[in-house]
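There are 6 protein chains.
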Amino acid sequence: MTTEETIDGEPREQSGEETGESGDDESATRPDGGGRDEGDHDAELTHVDETGDVQMVDVGSKPDSKRRAVARGEIHLSSSTIGAIRDDEVEKGDVLATARIGAVQAVKHTWETIPMCHQIPITNVDTDFDVREERVVLTVTVETTGKTGCEMEALEGVTTGLNVVWDMVKAAEKDDAGQYPGTRIDGVEVVTKEKRAVEGSD
Amino acid sequence: MTTEETIDGEPREQSGEETGESGDDESATRPDGGGRDEGDHDAELTHVDETGDVQMVDVGSKPDSKRRAVARGEIHLSSSTIGAIRDDEVEKGDVLATARIGAVQAVKHTWETIPMCHQIPITNVDTDFDVREERVVLTVTVETTGKTGCEMEALEGVTTGLNVVWDMVKAAEKDDAGQYPGTRIDGVEVVTKEKRAVEGSD
Amino acid sequence: MTTEETIDGEPREQSGEETGESGDDESATRPDGGGRDEGDHDAELTHVDETGDVQMVDVGSKPDSKRRAVARGEIHLSSSTIGAIRDDEVEKGDVLATARIGAVQAVKHTWETIPMCHQIPITNVDTDFDVREERVVLTVTVETTGKTGCEMEALEGVTTGLNVVWDMVKAAEKDDAGQYPGTRIDGVEVVTKEKRAVEGSD
Amino acid sequence: MTTEETIDGEPREQSGEETGESGDDESATRPDGGGRDEGDHDAELTHVDETGDVQMVDVGSKPDSKRRAVARGEIHLSSSTIGAIRDDEVEKGDVLATARIGAVQAVKHTWETIPMCHQIPITNVDTDFDVREERVVLTVTVETTGKTGCEMEALEGVTTGLNVVWDMVKAAEKDDAGQYPGTRIDGVEVVTKEKRAVEGSD
Amino acid sequence: MTTEETIDGEPREQSGEETGESGDDESATRPDGGGRDEGDHDAELTHVDETGDVQMVDVGSKPDSKRRAVARGEIHLSSSTIGAIRDDEVEKGDVLATARIGAVQAVKHTWETIPMCHQIPITNVDTDFDVREERVVLTVTVETTGKTGCEMEALEGVTTGLNVVWDMVKAAEKDDAGQYPGTRIDGVEVVTKEKRAVEGSD
Amino acid sequence: MTTEETIDGEPREQSGEETGESGDDESATRPDGGGRDEGDHDAELTHVDETGDVQMVDVGSKPDSKRRAVARGEIHLSSSTIGAIRDDEVEKGDVLATARIGAVQAVKHTWETIPMCHQIPITNVDTDFDVREERVVLTVTVETTGKTGCEMEALEGVTTGLNVVWDMVKAAEKDDAGQYPGTRIDGVEVVTKEKRAVEGSD
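Chains D, A, P, X, S and E are the protein sequences, given in the same order.
First residue of the first sequence? That's 1 in my numbering, and the numbers climb one at a time after it.
First residue of the second sequence? That's 1001 in my numbering, and the numbers climb one at a time after it.
First residue of the third sequence? That's 2001 in my numbering, and the numbers climb one at a time after it.
First residue of the fourth sequence? That's 3001 in my numbering, and the numbers climb one at a time after it.
First residue of the fifth sequence? That's 4001 in my numbering, and the numbers climb one at a time after it.
First residue of the sixth sequence? That's 5001 in my numbering, and the numbers climb one at a time after it.
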């Protein structure tokens, strides 16, 4: 019966995931991919079951853990647009405030935006914008106490927050042909992902 | 009165936008940013009014036009993950099918994801995945007949579609420390943005 | 290029659909399936493109038409539950009022519930409950002026409205083992689907 | 005061529900409705309070339990459509993959689709499509650890999943008059509903 | 047949509404209620049909008009909170920027928040906050080109915007007992409602 | 690092909130605002961090508590409209039933309507309408077991419920000029807010 298979299938996948996540090194240090399992593909695509059909991961037997994920990305903008944002920031900060709110809302909506995501109780969202030469770097930190990680929430916060910045500066970035020759979102990555037992709270 | 100001303020911004968008060159050729107006910042931040407060752009006096926007981006993955997606694609394509649906839904939800976006009638969404060496390139084309462009819809489709791919291959991409050393979304940009009068239909 | 193909592909599908829908007989009379094309499957799955990938149908070149769809379905309930609903109806009608509202909301949300549906401007929704012996029959009529039909909206209204009835009478329908031996939703079908040119308005 | 009454009213209903659900027979065997209480209607309509007004059920004093519900339903299609789905399934499975995703999303959205439902943490969703002669049978299993059952979530998954199948094969099912003479959703029912104390985990 | 009745019923209601809205006086001057029809109740509850069941109003035969509605309301706050908002406004304006975005989003979501509302294309939203002695006054202007008015959208913008202000200053407004003795939302009303034929555009 | 600051910042704010909410007086008695802290504004705007940027409050280290909030508000209507609602209430109650459902849905959607709100598990919602001379008073009670209060949920229930009443009686309230001279929402306030340790359950 499908459900049996699913239950049978999960522990293997889960224990694998546990191993990964309960490793000693939970810092943001970035080992090369050597550790990445080059083995059976089917075991790796945890959202695809034995018969290859898409599915949610069964988290029913996972314990609640304190989880934290940090994602980061940047948007390249013209220096004149950066100037407008800076002035704005000094005076009102509405551009970044709007992007901040868009990012927080995207984090909370990840369970419906990413089809196979579970809905988890978000306990904290922190958004940090760094306005630099010709780019804005957004770092989003998400914390939850739940049965599954929150890196997708952090990634959704970053990509949506950067898209909101783009939307807010459209007229400033468009050239005479109505195109965006210099606007680009780059370097969207998960900086770090951590998991702690609920007992071992900070 | 605030509304008067808004109405007064719009034509200036709109005519500027019209100029930009009705330019001869509507192709995807990418002129350098020279054409970008280096002038008054306030005029450029069309989502911020005279007093610096965030606002939607008034599109009430804009005509309906046939609009089309194409956005593109890519996600860098390990060769083993690419292999899993390829095998999958041949057999079922569920990973990309899920990302495809996530992208289409994101396009339709842009009006609520991007705070200052208007809701526009999407007439067509096309998603094209190109699975290459160690990366998947997603191109999203959005078409609408409305009063405002759809590049934000195309960008939301690209970033969400790539996030869904990430979600589907999480276990395959994580290293032994549960981190994502090699996973990264890059090169998210608007390939082209076009506008045609409804009369001059193709 | 994918978009070209899509555009090339659509007219064939669309004209086919036009033929179907502009036929003389738009009444609810139910001809046998003989008319159903037994031919090429690819041409029939309009949400799957030439390469078999899921997609929305391009409705950009379709004219706005006045469209109307009627769907119907029923839920089988115990006579005691029917009695409770009847008494309720006489006194307050809250059970059916709740189902009515659930049905209307489902109609309006079809564009996000059914992944490949377009968002269309719903101009009218009519819900009609017929409380009979051991069943409640729900008929939902949806009207729109747009580029695509609204039968999915009517079907979503019927299935959701009947599910709301089920939710409202859960305690009454459950047996001593907490099961629903006699509760069942049946006969969900599209009664009729009509399309009129906007010019030829009533 | 209304709230007192509500609190007074609940235990009676809840204990009744407990009795029902903690019964020995939790299997899918279908006893006749004899066990169904033919008594006071007001006590049975738990979403309607003493004064007949619609309300949510107060679950604040219910313990968290591991709950599982299985619902099933089918859509009748022409043999040519079944053929198209089969071919598709072999090649890409996009039709069923789309329906699968629509079903999972519907399960997660039940708290807003069914007005009086609570939002519960879904831990697992399993969708199983069985493509038979002239019909597709969809079985959806939902698991949660919470204060209330998840049969409405399973039912929403089934009806929405079947509606998505309908949407994906519209052009194939329509006859020359644009009607659906042979398409029908039938037999939507709750196969089984189970509840286990959190302590007694599998 | 229910639909006939609905269609029969509409013109009476609509013409009545037309009469009301096409009156000479469309300014914000507030005549006394003398003009209010004291007659048949059934004719007045346009969301309740002849049999008393809730329904949407059929707007299918209504022409598109340019519509504008202005709503206003205020929240009473302590002088210390007003001071915090003022300082904030000078420095960043994040409190009001958040309320502004909450108001705009609420306007766009009115079609799902108010069960019987239609979804209409919002062309402009303007939010104006006036920070006074111990209160903040919010005025929201909504413009649309559609078949039905937008006063509900303006009202949703005002009440939600004021609720967001409340949420942002919770800790400042709570007394030692965790209560809100002085916080209150008052005077929520529709300042004016206008309608112009699309032909006779400004 | 931003997150550290956030964590450093929270305890001060939280303990302050604890003090407030764990005070002896949890009744609805309304002490004068004397207890309200007139001190440092930054400490009071808990949704704005040290650098003045909007943020969610970190509730990760807060214990789960049983929380209850009661909010109340009223809408002023003409006596003829009140008559229509009364007659309606006796016969079907659809106007108030619709407002009731709108209020419950608004309570459940507060986490997305109010940008900085967390999503909390609502265990009970009670709506009480009191139809009086020329006004309807709505009282909404919300209960949750979570890490943060639910007064915003109760307020959203009240303002949305009253807006739904307005929407249902629009035609009855409009004067000959299509204006609402006598319709007004007033007195929206939090009647009481309570918190109990989960151990000390009722």
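Each residue gets a CB set at the ideal place from its N, CA and C atoms; glycine is no exception.
Note that the structure is predicted; figures quoted are calculated from it, not measured.
Using a Cβ distance threshold of 9 Å, GLY4178/S and LYS5195/E count as a contacting pair. A residue is called buried when at least 16 other Cβ atoms come within 10 angstroms of its Cβ; PRO4063/S does not meet this threshold and is exposed. A distance below 8 Å between beta-carbons, with the five flanking residues on each side excluded, links THR5113/E to the following residues of its chain, in chain order: ALA5106 and GLU5156. With a beta-carbon spacing of about 5 Å, THR4139/S and ARG4072/S fall inside the 8 Å limit used to define contacts. For a cut-off of 8 Å, the C-beta gap from VAL5054/E to ASP4049/S is around 45 Å, too long to register as a contact.
Residues of the same chain with a CB within less than 6 Å of the CB of VAL5169/E, apart from the 5 flanking positions on each side, are THR5081 in chain order.
Nearest in C-alpha terms to ALA4172/S, of all of HIS4047/S, GLY4083/S and VAL4190/S, is GLY4083/S. Chain order gives the chain E residues near GLU4189/S as TYR5180, THR5183, ARG5184 and ILE5185, where near means a beta carbon separation below 8 Å.
LYS1174/A has a beta carbon lying at 9 Å or more from every beta carbon in chain S. The DSSP-derived three-state label of ILE5185/E is strand. At a cut-off of 9 Å between beta carbons, THR5159/E makes no contact with chain X. DSSP places GLY2102/P inside the alpha helix (DSSP H), whose first and last residues are 2094–2113.
GLU5143/E and GLY3060/X do touch by the CB rule: their CB atoms are close to 5 Å apart, below 8 Å. Taking a cut-off of 8 Å for Cβ pairs, the stretch 1125–1137 of chain A and the stretch 111–131 of chain D do not touch, as fewer than three such pairs fall below it. By the neighbour-count criterion, in which a residue is buried when 16 or more other Cβ atoms sit within 10 angstroms of its Cβ, VAL2164/P is buried.
Contact annotation: SER2065/P and GLY2182/P have beta-carbon atoms that are not nearer than 9 Å. Listed in chain order, the alpha helix (DSSP H) runs fully inside the stretch 5123–5158 of chain E amount to none, counting runs of at least 4 residues. Residues ALA1069, VAL1070, ALA1071, VAL1107, VAL1140, THR1141, VAL1142 and VAL1190 of the same chain have their beta carbon placed closer than 8 Å to that of ALA1154/A, with the five preceding and five following residues left out of the count.
With 16 or more other Cβ atoms inside 10 Å of its own Cβ, ALA2097/P counts as buried. Closer than 9 Å to the CB of ARG4132/S there is not a single CB belonging to chain A.
Exclusion of the five residues before and after MET3056/X leaves MET3116 as the residues of its chain whose Cβ lies within less than 6 Å of its Cβ. Cα atoms of THR4127/S and ARG4100/S: separation of roughly 6 Å, rounded to the nearest angstrom. For THR2192/P, the closest of THR3159/X, THR3110/X, ARG3086/X and LYS3174/X by C-alpha to C-alpha distance is LYS3174/X.
Beta-bridge partners of ILE5075/E (DSSP): VAL5136/E and ILE5185/E.
A straight line joining the alpha-carbon of ASP3130/X with that of TYR3180/X spans about 22 Å. A direct Cα-to-Cα measurement between LEU3162/X and VAL5125/E gives close to 32 Å.
THR4110/S sits away from THR5159/E, with the two beta carbons spaced by 9 Å or more.
Where ALA4177/S is concerned, there is no enclosing alpha helix (DSSP H), because DSSP gives it neither an H nor an E.
In this structure, ASP4186/S lies near ILE4075/S, with their beta-carbon atoms less than 9 Å apart. Counted as a single uninterrupted DSSP element, the alpha helix (DSSP H) harbouring LYS170/D occupies residues 170–173.
With a 10 Å radius around the Cβ and a threshold of 16 neighbouring Cβ atoms, ALA1197/A comes out exposed. Taking a contact as a CB-CB distance under 8 Å, the pair ARG4184/S and VAL5104/E does not count as one, their CB atoms being some 23 Å apart. Sequence-distant partners of SER78/D (beyond 5 residues in either direction) whose C-beta falls short of 6 Å from its own C-beta, in its chain, are GLY182. Each residue's CA atom was taken as its position, placing LEU1045/A and THR3123/X some 44 Å apart.
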